[in-house]
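Structure, as structure tokens:
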């Protein structure tokens with residue numbers, strides 16, 4: 105369980121997020137939604153302390169299974185809470201080396217074990233069948249949707265408890281968007297997902313919990329059905345009206 109208690113953060117003298125308290129349920133998909141600029145991505149980055157690396161400050165407390173995340177090294181924290189960015193980061197290696205590089209970094213040396221985990225994670229990301237005969241090919245030559253699924257597969261290599269995704273489908277066509285949505289739905293339960301999305305229809309399709317933000321504040325935290333049928337805040341009602 106990831107618990108957020110009275111989190112406020114920002115840069116310099118500017119506070120972007122204001123007094124946020126909520127919980128992220130295990131084994132579910134939580135979608136963070138709201139207007140552009142409302143603080144969604146900033147909030148996502150607080151969950152594995154990336155905001156501090158970017159020069160920001162963060163007040164309050166975030167606990168993972170009861171442990172303050174500030175007491176964890178960033179390496180351990182980001183093994184437990186992985187992140188996939190809006191623009192997928194692809195290493196300038198082959199497809200298979202994009203995963204084996206991470207595995208070796210984390211101490212796995214047995215070639216058969218590396219091959220097994222690589223195949224398993226590519227299958228989880230629904231990518232293996234498309235590229236199984238091209239594993240030596242440069243990952244840079246994959247399509248945008250394939251690169252995003254490769255980034256998901258690579259994140260799964262270290263078996264994270266939670267995976268954060270920042271607008272993973274914003275630049276993708278419907279076919280690739282559906283592939284990623286189906287991947288998340290298939291994997292939830294085994295993993296906890298927190299996804300930032302500007303697409304309310306996507307949130308409605310895949311999320312179990314909705315966090316609705318406006319101007320750096322969380323106005324609603326509720327199950328998806330309740331949010332879309334009975335939003336409690338005027339900004340949420342206005343956005344849903346124009347879906």
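In this note's numbering, the protein residues as written are 105 to 347. Note that CB positions come from ideal geometry on N, CA and C, so glycine has one too.
Original post:
residue 121 and residue 136 look like a contact to me (Cβ under 8 Å); what is the Cβ gap, rounded to whole Å?
Top reply: With a contact defined as Cβ atoms closer than 8 Å, residue 121 and residue 136 miss out at about 12 Å.
**OP:** Please determine if the segment 303-319 and the segment 124-144 are in contact, where contact requires at least 3 C-beta pairs separated by less than 8 Å.
**Re:** With a cut-off of 8 Å, the segment 124-144 and the segment 303-319 count as touching, because enough Cβ pairs lie within range.
**OP:** With a cut-off of 8 Å on the beta carbons, I'd call residue 291 and residue 228 a contact; round off their distance for me.
**Re:** Your pair residue 291 and residue 228 checks out as a contact, with CB atoms roughly 6 Å apart and the cut at 8 Å.
Original post:
Would the beta-carbon of residue 126 fall within 8 Å of that of residue 108?
Top reply: Yes, Cβ-Cβ distance for residue 126 and residue 108 is below 8 Å.
**OP:** Tell me whether residue 102 is buried or exposed, calling it buried when 16 or more other Cβ atoms sit within 10 Å of its Cβ.
**Re:** Residue 102 lies beyond the stretch modelled for the chain, which goes from 105 to 347, so this question has no answer here.
**OP:** Could you check the C-alpha separation between residue 285 and residue 182 for me, to the nearest Å?
**Re:** It is roughly 23 Å from the alpha-carbon of residue 285 to the alpha-carbon of residue 182.
**OP:** Can you grab the Cα-Cα spacing for the pair residue 177 / residue 345, in whole Å?
**Re:** Looking at the two C-alpha atoms, the distance is approximately 44 Å.
**OP:** State the Cα-Cα distance for the pair residue 337 and residue 323, rounded to the nearest angstrom.
**Re:** Straight through space, the alpha carbons of residue 323 and residue 337 are spaced by roughly 7 Å.
Subject >> Burial state of residue 244, where buried means 16 or more other Cβ atoms lie within 10 Å >> reply: Around the beta carbon of residue 244, fewer than 16 other beta carbons sit within 10 angstroms, so the residue counts as exposed.
Subject >> Proximal residues to residue 257 (C-beta, below 7 Å), its chain only, five neighbours per side dropped >> reply: Setting aside the 5 residues that flank it on each side, residue 257 is surrounded in the same chain by 203, 225, 226, 228, 229 and 231, each with a C-beta closer than 7 Å to its C-beta; the list follows chain order.
**OP:** Figure out for me which residue from 162, 240, 207 and 180 has the closest Cα to the Cα of residue 111.
**Re:** Answer by Cα proximity: 162.
Original post:
How far does the beta strand (DSSP E) with residue 317 in it reach, from first residue to last?
Top reply: 313-318 is the extent of the beta strand (DSSP E) around residue 317.
Original post:
Bridge partners of residue 127, per DSSP?
Top reply: DSSP lists 107 as the bridge partner or partners of residue 127.
Original post:
Quick one: Cα of residue 293 to Cα of residue 185, how far?
Top reply: For the pair residue 293 and residue 185, the Cα-to-Cα distance works out to about 15 Å.
**OP:** Quick one: grab the DSSP three-state call for residue 187.
**Re:** DSSP, reduced to helix, strand and coil, places residue 187 within a strand of the structure shown.
Original post:
Where do the ends of the beta strand (DSSP E) carrying residue 299 lie?
Top reply: Looking at the DSSP string, the run of the beta strand (DSSP E) that includes residue 299 is 296-300.
Subject >> Check whether residue 133 and residue 266 have beta carbons under 8 Å apart >> reply: No, these two residues do not count as a Cβ contact at 8 Å.
Original post:
Out of 261, 173 and 307, which has the shortest C-alpha to C-alpha gap to residue 273?
Top reply: When only C-alpha atoms are compared, the closest one is 307.
**OP:** Tell me whether residue 160 is buried or exposed, calling it buried when 16 or more other Cβ atoms sit within 10 Å of its Cβ.
**Re:** Buried.
Original post:
What is the DSSP secondary structure of residue 164, reduced to helix, strand or coil?
Top reply: Residue state, collapsed to three classes: strand.
**OP:** Sort 211, 280 and 192 by Cα distance to residue 255 and report the nearest one.
**Re:** Checked all of 211, 280 and 192; the closest Cα to residue 255 is 192.
Original post:
Do you know whose CA, among 166, 105, 106 and 153, lies nearest residue 123's CA?
Top reply: With distances taken between Cα atoms, residue 123 lies closest to 166.
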